[in-house]
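This report refers to the structure that appears directly beneath it.
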Amino acid sequence: MPKLPAPPLPAPLRTPPPRPGQGNGKSGPVEDAKQAGITVVDWVDERTSLSGAARWLMFRKVPKGTNWFYTLGSATMFAFLSQAVTGVFLAMYYRPDPAGGAYESIRYVTNDVFLGQFVRGMHKWGSSVMVVLVFLHMGRTFFFGAYKYPRELNWVIGVVLLILTMVMSFTGYLLPFDQRAYWATIVGVNINGTGPLVGPYLSDFLRGGSEFGATTLSRFYAIHMLLVPGLIAALLGAHLYLVAKLGTTAPPWLKAEKRKELRETEV
Amino acid sequence: MPDKRDKHKSKYTLDRGMPGAFEGETITRRRFMTGTAHGAGAVAAASFALPALGFAFGPIFKSTPHRWEVVGNVDLFPDNNYIPVVLTVTPNIGEAGKTTVYVRKFNPEIDTDAADVDSHTPYIAISSRCAHVGCPVRWVDASERFICPCHGGVYDLLGRRVGGPPVRPLDRFYTRVNGENVEVGPRFSVNSQLRRFSPRDPGEPLDGIGQYLYPSRPGAQKL
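Chains as they are written, first to last, in this note's numbering: chain A, 2 to 268; chain B, 358 to 580.
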């Protein structure tokens, strides 16, 4: 039976080996359950070698001075995960029918479904939370200089993720299909249309025609729940991969420590 | 990227002594297989990607049929004030497909612009869609102005901008008289001289180079 290599935990967190005379040869149900878990994990790991990847991702060295500002990225990711989970369950009730069905289905979710108001509220307010977190994360990256070499590509991916988050906010806003949703979408699509040369084609693409029509709502719904979430998930993976590969930066107020011999020869 | 081996070896299969090589042949079986595999992959990907893209972008090039809708009796509309009528722009989607149009009779004393005289529109039908970003404007009788609630666009009796952010006058609709009824047809846009253009979205100026920066959609045409 191959054994998982122990993660590099600090000494106080490691489980001590059993003292001599403690085990009496018999294993209780707790040890059995523990052993069963280890066996399952080992079985998967022997066939996938996933533990190496997991350790590469989780047990990274971080620079001195890492602080709470460094959690804004994962906070944004968890906001996205919350949006994804609540969105999947909202999709079980939502009907993209512009002739009244969309509004009615949202009304039903809000007023009649058990916990519907709560789940819809999570999704609605969570979207604002996600946008705020994206900007805070971006500000942290900017002010800490974490966009510089070799992390430029991760900045670029982050900007694309910011734009996709905006696309999510824009397309999601139409779905309740009340007066505010309708007019905000009219205004938003027309603002898209003011881009020279490509603008008129872009707004026609968004509406699915020259006027707000029968397919505009389903178009926005498909973009909102299929196209953009897939792109966000894929780019989020690339973003995280680069973070793990390149490591994080030290805060700018920390000076790099010189080795002792260099310090002495400097004078 | 040429590797070290290629420097020593000729690109001709014949020089390299390959079985079945003939004069001038440069494509080895390995290259041929690589190219075939890539080509087959590209064909397979294109066979679902191209139809899907065409499906998504098709509506840009689709022309919508002209609709003529009866809005009222010829005597309903005065020539110095507007009567609001509700027009169905997109059928079968309920309230979302409707828009308000302000209609009055053609008045030779105020409708003196050449375009209006030329187009022989017996009634002037002004769209309530603001030329800024598309909010619904409202005719305020007391001030004889169209006023937009969103960002403060103001238009005069002819729909020309007199204040606020709009970039061109209010759109109009073609009208015709059919028996005793006034019918309102397709939309058209006008520039600040009230010259007619095929319909543009709000926010797209039509003066100067505006008409070239914001081309009309492929399926649209003036009447």
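The beta-carbon is built from N, C-alpha and C at its ideal position, and this holds for glycine as well.
Owing to the predicted nature of the structure, the values given are computational and were not obtained by experimental measurement.
Using a Cβ-Cβ cutoff of less than 7 Å, which residues in the same chain neighbour residue i once the five nearest sequence positions on both sides are dropped?
i        : result
Pro253/A : Phe145, Gly146
Gln568/B : Phe554
Ala85/A  : Pro230
Arg61/A  : Ala245, Gly248
Leu563/B : Arg525, Ser546, Asn548, Phe554, Arg557
Tyr71/A  : Thr249
Ala76/A  : Leu134
Phe405/B : none
Less than 8 Å separating the beta-carbons of residue i and residue j?
i        : j        : result
Val458/B : Val541/B : yes
Phe213/A : Thr421/B : no
Pro64/A  : Ser219/A : no
Leu176/A : Ala103/A : yes
Ser211/A : Val190/A : no
Thr370/B : Glu382/B : yes
Phe418/B : Pro543/B : no
Gly209/A : Pro416/B : yes
Val110/A : Gly117/A : yes
His124/A : Leu91/A  : yes
Asn155/A : His240/A : yes
Gly66/A  : Leu255/A : yes
Gly516/B : His489/B : no
On a Cα-Cα basis, can you pick out the residue from the options that is closest to residue i?
i        : options                                : result
Arg121/A : Val133/A, Thr217/A, Tyr95/A, Tyr148/A  : Tyr95/A
Ala185/A : Ala499/B, Gly491/B, Asn548/B           : Gly491/B
Ile483/B : Ala499/B, Ile504/B, Arg388/B, Glu466/B : Ile504/B
Gly74/A  : Thr111/A, Met139/A, Pro18/A, Phe90/A   : Met139/A
Thr385/B : Ser367/B, Pro416/B, Asp470/B           : Ser367/B
Glu153/A : Gln180/A, Leu243/A, Leu58/A, Leu51/A   : Leu243/A
Thr87/A  : Trp126/A, Phe70/A, Ser106/A, Gly29/A   : Trp126/A
Tyr439/B : Val460/B, Gly429/B, Trp425/B           : Val460/B
Tyr150/A : Glu105/A, Ile107/A, Ala76/A, Thr250/A  : Thr250/A
Thr216/A : Thr532/B, Phe414/B, Cys487/B, His395/B : Phe414/B
Asp432/B : Asn535/B, Leu410/B, Ser573/B           : Asn535/B
Thr105/A : Phe221/A, Ala7/A, Asp179/A             : Here residue 105/A turns out to be Glu, not Thr, going by the sequence shown. The residue with the shortest Cα to Cα distance from Glu105/A is Asp179/A.
Ala80/A  : Leu137/A, Pro13/A, Asn68/A             : Leu137/A
Please list, in chain order, all residues of the same chain as residue i whose beta carbon is under 8 Å from its beta carbon, the five residues on each side excluded.
i        : result
Phe463/B : Asp436, Asp473, Thr478, Pro479, Tyr480, Ile481
Asn193/A : Gly200, Leu203, Ser204, Leu207
Thr532/B : Val460, Thr478, Pro479, Tyr480, Ile481, Ala482, Val539, Glu540, Val541, Gly542
Asn430/B : Glu537, Asn538, Val539
Val45/A  : Leu51
Arg20/A  : none
Can you find the residues in the same chain that come closer than 6 Å, C-beta to C-beta, to residue i, ignoring five residues on each side of it along the sequence?
i        : result
Val427/B : Asn538, Glu540
Leu232/A : Leu165
Thr142/A : Tyr148
Leu514/B : Glu501
Arg388/B : none
Ser1/A   : An answer regarding residue 1/A cannot be provided, because it is not within the stretch 2 to 268 covered by chain A.
Leu58/A  : Ala245
Val519/B : Val511, Asp513
Between residue i and residue j, how many whole angstroms is the CB-CB distance? I'm expecting something under 8 Å.
i        : j        : result
Leu5/A   : Asp43/A  : 6 Å
Ala453/B : Pro9/A   : The Cβ separation is near 60 Å, so there is no contact.
Pro522/B : His508/B : 5 Å
Pro197/A : Tyr512/B : That belief does not hold up - the Cβ atoms of Pro197/A and Tyr512/B are roughly 24 Å apart, past 8 Å.
Trp496/B : Pro441/B : 7 Å
Arg352/B : Thr445/B : Nothing in the structure corresponds to residue 352/B, since chain B is present only between 358 and 580.
Would you call the segment 522-535 of chain B and the segment 551-566 of chain B in contact, with 3 or more CB pairs under 8 Å? yes
Are the segment 154-173 of chain A and the segment 126-142 of chain A touching by the rule of at least three beta carbon pairs closer than 8 Å? yes
Mind the definition here: the segment 231-242 of chain A touches the segment 151-161 of chain A only if three or more C-beta pairs lie below 8 Å; say whether that holds. yes
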